[in-house]
Amino acid sequence: MFFMGKLGKEALAGGSLSIGIANITGYSVISGLAMGMEAISSQACGAKQWPLMGQTLQRTIAILTIACLPISVLWLNIESILLFCGQDPVISSVASTYLAFSLPDLLFQSLINPLRIHLRTQNITLPLMLTAAFSLALHAPINYILVHHLRLGIQGIAVAVTITDLNLLVTLLLYLCFSGICDKTWQGWSLECFDEWKPILCLAIPCCLSVCLEWWWYELMIVLSGLFINAPEAVATMGILIQATSLTYIFPSSLSLAVSTRVGNELGANQPSTAKTSSTIALSCAVLSSFMAMSFMTTMRNAWGQIFTNDKAILSLTAMVMPVAGLCELGNCPQTTGCGVLRGSARPTLGANINLGSFYGVGLPIAVVMGFVMDIGLLGLWLGLLAAQVVCAIVMVIVVARTDWFVQAKRAEQLTGINALVEEDQSKIQGLISVMLVN
3 MFFMGKLGKE ALAGGSLSIG IANITGYSVI SGLAMGMEAI SSQACGAKQW
53 PLMGQTLQRT IAILTIACLP ISVLWLNIES ILLFCGQDPV ISSVASTYLA
103 FSLPDLLFQS LINPLRIHLR TQNITLPLML TAAFSLALHA PINYILVHHL
153 RLGIQGIAVA VTITDLNLLV TLLLYLCFSG ICDKTWQGWS LECFDEWKPI
203 LCLAIPCCLS VCLEWWWYEL MIVLSGLFIN APEAVATMGI LIQATSLTYI
253 FPSSLSLAVS TRVGNELGAN QPSTAKTSST IALSCAVLSS FMAMSFMTTM
303 RNAWGQIFTN DKAILSLTAM VMPVAGLCEL GNCPQTTGCG VLRGSARPTL
353 GANINLGSFY GVGLPIAVVM GFVMDIGLLG LWLGLLAAQV VCAIVMVIVV
403 ARTDWFVQAK RAEQLTGINA LVEEDQSKIQ GLISVMLVN
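Per the numbering used here, the sequence shown starts with residue 3, numbered consecutively.
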């Protein structure tokens, strides 16, 4: 976004729209489908079912790779679709260019996401942080070279993102190859990765819906912003505000991933009481972080936009809406953490239903009415999001509080196949005893 802002208003607006479309149609789908392996891997780790973890990783990579094909076709034809929907021609052209040069990144993400989950569910997080920090440190210099030195414009920004993710993928693979950390879980590539997709898909599809419903809401607001009279300013402002929410999202997102792994590990190890304690602590931390995020957004309302642009209209609009975006964080942090608890306990369908009702049953109608019917504009869209986040957080906390953790521990046994293994071992022991008695 910083480099897009330096290319001008149209580049910033088109880039914001393209990032939104990429998230709506691509990255949210890939990320959501990958989360289908989270419950299986974390519970398998807790139950010490190491081969199951490796098989789940392979199957997830195969699923994500296939999912990239229809997404790629959509991205290559996005300009005509945007024009048909009434978007500005210049903005549509910029968005189409960015997405075309981002296609390789889609494949890289289909490998990065499963590898990250595979490591994280084994409580291996330091290498993830170091590889991400290394890749991020190179991102700005790569952007500068491609955009300012080689003058590649919006194409250079897309290529820079792709190179950054390629660096991340390579460093992750190097770690896996030389650390020996996957000796227990990895048994080599097998054609079995194309079999028994049902358990993963039963979790992956609801996880995908849960993630997409939330991501799509944010990016839908960018598309709706393009329908206002001041479309370039509104779209650019929305992109700037979403960058702020993305920054504050780091902590609740990390907390969500951590509690998902923790809850899954404990349920897999048949420790329901510890899983309950972990979820309670995580939600408490989420409430604290929500107030910190709100304070940051409110304090930075006049300064944040200046990082990306000098346009007075965009800066004024950003300063007006940013306090409402800060209020949204009061619901976003607990809601995101609650989703992590549901994923760790293999209940993504419940999370998807909550997100659907909150964002699209409550938030969307309010946003459309306030933004267009009442003519409040961009501020109205964010007031709709505020309503959705509050409802979603309240329902999510109630669901987690009423969870029967002993029932979830039994479900974890079924998911990881512990009962089947125990019955098999018992039958072998009984058979051995029978043979000994006969002899």
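C-beta: ideal position from N, C-alpha, C; glycine also.
Pair every Cβ in the stretch 57 to 67 with every Cβ in the stretch 111 to 124, then say whether three or more of these pairs are closer than 8 angstroms.
yes
Could you check the C-alpha separation between arginine 264 and leucine 174 for me, to the nearest Å?
22 angstroms
Measuring alpha carbon to alpha carbon, tell me which of Val225, Pro350 and Trp407 ends up nearest alanine 271.
Trp407
What do you get for aspartate 313, buried or exposed, if any count of 16 or more other CB atoms within 10 angstroms of its CB means buried?
buried
In three-state DSSP terms, what is glutamate 331?
helix
Can the beta-carbon of alanine 102 be found less than 8 angstroms from the beta-carbon of leucine 76?
no
Assign methionine 376 to buried or exposed, taking buried as 16 or more other Cβ atoms, counted over all protein chains shown, within 10 Å of its Cβ.
exposed
Local Cβ density within 10 Å of histidine 150, reported as buried at 16 or more and exposed below that:
exposed
List, from N- to C-terminal side, the alpha helix (DSSP H) runs of 4 residues or more that fit wholly inside the stretch 45 to 110.
52 to 78, 80 to 86 and 91 to 103
Kindly provide the ranges of any alpha helix (DSSP H) runs that are 4 or more residues long and lie completely inside the stretch 312 to 375, ordered along the chain.
314 to 346, 350 to 357 and 366 to 370
According to DSSP, is methionine 299 part of a helix, a strand, or is it coil?
helix
C-alpha distance - alanine 422 paired with glutamine 416, whole-angstrom precision:
The pLDDT assigned to alanine 422 is 42, lower than 50, so where the model puts this residue is not dependable, and the model offers no usable value.
Which residues bound the alpha helix (DSSP H) around tryptophan 384?
380 to 403
When the Cα of isoleucine 231 is compared with those of Met6, Gly48, Gly379 and Thr405, which residue comes out closest?
Gly379
Does the Cβ-Cβ distance between methionine 372 and glycine 382 come in under 8 angstroms?
yes
Are there three or more Cβ pairs, one per stretch, closer than 8 angstroms when the stretch 274 to 292 is compared with the stretch 222 to 240?
no
Checking 8 angstroms against the spacing of the C-beta atoms, do valine 96 and glycine 17 come in under that value?
yes
Have a look at alanine 403 and asparagine 334 and give me their C-alpha separation to the nearest angstrom.
18 angstroms
Excluding sequence positions up to five away, which residues of its chain have a Cβ less than 8 angstroms from the Cβ of leucine 105?
Ser74, Trp77 and Leu78
Could you check where the alpha helix (DSSP H) with tryptophan 217 kicks off and where it finishes?
200 to 227
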